[in-house]
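Beneath this line is the structure, given in structure tokens, with notes to follow.
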Amino acid sequence: MREESENASVGELLLAAYDGFYEADVRAQDFGTGERLHHSEIHLLQAVADAPGASVTAVARELGITRGAVSQTLARLEEKGMVQPEGARVRGASRQLALTGLGQVAVRNHRAHHASYDLLAESLLCDANDHERAFLVGFLARLVRTLAEEGRCAKSDVRAVAACTERGALNASSQR
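Just so it is clear: in the sequence shown, position 25 is 25 by the UniProt record's numbering, and no numbers are missing.
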């Protein structure tokens, strides 16, 4: 008897996986702070953590969103005690941003959340050889790039794919 996954198309399986990730990701989560953070909020915190001292303009550019969207999200995060402006505002320049201790906890737990996906993927790929892993990583990278070119995913997703492949996702099997 054939498994259900053998009867589904690759596209259907990708959509099912996407739906599962989306449903899990779209819900506001606590990340160990006592404050529920939405997807946009935790990813903005992550961007601030990844570029200490960055301005609103720099964060907006990195995330591919408007400065207004960053400012609105930062206002919510400041109310939640996750981020604070750093230093005095200089005329004509955006204020720099810094995470509070609570923001650092949220980012650390968010990274652990993402690492759990890495562990899941590793467990599912434990029997795959280097060629099979390289094929899968290449396929997924091409998929994200193609979707971005068609305007169906964010440019930041393409940067994330590039970062993953550069830091050795293709060589992940050597870490087993």
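Beta carbons: idealized from backbone N, C-alpha and C, even for Gly.
DSSP places A75 in the helix class (H, G or I) of the three-state scheme. Between the C-alpha atoms of I42 and S9 there is a straight-line separation of about 33 Å. Counting of Cβ neighbours within 10 angstroms places F31 among the buried residues, the total reaching 16 or more. Straight-line measurement puts the Cα of V83 at about 5 Å from the Cα of T100. Relative to S71, the option among C126, V59, G81 whose CA is nearest is V59. Across the structure, R108 and S40 are spaced so that their CA atoms are roughly 16 Å apart. When the five nearest sequence neighbours on each side are left out, no beta carbon in the same chain lies closer than 6 Å to the beta carbon of N129. The three-state reading of DSSP puts A47 in helix, counting H, G and I together.
DSSP, read as helix, strand or coil, puts L15 in helix. Rounded to whole angstroms, the Cβ separation of V56 and L74 is 7 Å, and the two are in contact under 8 Å.
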